[in-house]
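Before any comments, here is the structure.
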Amino acid sequence: MAYWLLKTEPNVFSIDDLKAVDKEPWDGVRNYQARNFIRDDMKPGDKILIYHSRVQPIGIAGEAEIVSEPYPDATQFDPAAKYYDAKAKPEAPRWYVVDVQHRRTYAQVLPLSDLKQNPGLDGMVLTQKGSRLSVQPVKENEWAVIQELAANL
DNA sequence: GCCAACGTTGGC
DNA sequence: GCCAACGTTGGC
799 MAYWLLKTEP
809 NVFSIDDLKA
819 VDKEPWDGVR
829 NYQARNFIRD
839 DMKPGDKILI
849 YHSRVQPIGI
859 AGEAEIVSEP
869 YPDATQFDPA
879 AKYYDAKAKP
889 EAPRWYVVDV
899 QHRRTYAQVL
909 PLSDLKQNPG
919 LDGMVLTQKG
929 SRLSVQPVKE
939 NEWAVIQELA
949 ANL
């Protein structure tokens, strides 16, 4: 079982939106490094941190779980979709999704500034300068630190 | 809204 | 296959 962090802009799709629909394909990822994590490494039962970017309060909003195997992102084949990719073909998909199901919403967003100040998270992908990866692996010890912080919100 | 950091594209 | 130009991300 692995741990991941998924970024989303809450004005586009927030953890409340995820809770409302219960389960959602995590579509629109158009970065190859992120794609490789989804396609090659994600498994049902993996735990997810949902991160709100761009909009205050910035930080980790709660948790979800992967509830499907990876499969091709339908939006890549749809000319009307924002994430349409003319070079992607059904017989050779470029982009993948997993279904993500809501698990819990934290009482408050766990702020990025707190994460950056925590020595236990010094090596976390999220806290590195210039890190823009929207799908990130989270280490077990990092997950544990975040559980601790979330429990004290 | 600015802009630094990063990723992708495409001419050569 | 290098790298300049361009586009995007995302904290501030």
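Residue numbers (the working numbering): 799 to 951.
We put the CB at the ideal spot given by N, CA and C, even for glycine.
Since we're looking at a predicted model, the values are computed, not measured.
- Note on geometry: alpha-carbon atoms of Leu919 and Glu940 lie some 6 Å from one another.
- Selection His850, Asn834, Met840 evaluated against Tyr904 yields His850 as nearest (Cα-Cα).
- With respect to the C-alpha of Lys927, the residue from Gln874, Leu910, Pro855, Gln854 having the closest C-alpha is Leu910.
- Shortest Cα-Cα distance from Tyr881 to any of Leu816, Glu938, Val827 involves Val827.
- Between the region 881-897 and the region 931-938 there are fewer than three inter-stretch CB-CB distances shorter than 8 Å, so the stretches are not counted as touching.
- Residue environment: Gly860 is assigned as buried (16 or more neighbouring CB atoms within 10 Å of its CB, all protein chains considered).
- Between the beta-carbon of Val923 and that of Leu931 there is about 6 Å, and that keeps the pair under the 8 Å contact cut.
- In this structure the region 887-895 touches the region 861-873; the number of beta carbon pairs closer than 8 Å is three or more.
- Annotation: Asn829 to Asn916 spans about 28 Å, alpha carbon to alpha carbon.
- Out of Gln906, Ser929, Lys914, Arg833, the CA that lies nearest to the CA of Pro855 is found in Gln906.
- Of the residues assessed, Gly857 falls on the buried side of the cut-off, its CB having 16 or more other CB atoms within 10 angstroms.
- Your pair Ala949 and His900 does not check out as a contact, with CB atoms roughly 19 Å apart and the cut at 8 Å.
- Between Ile848 and Thr806, the beta carbon gap of about 7 Å places them in contact (Cβ cut-off 8 Å).
- Looking at the DSSP output, Pro870 shares a beta bridge with Tyr894.
- Put simply, of Gln945, Glu946, Val898 the residue whose alpha carbon is nearest the alpha carbon of Asp820 is Val898.
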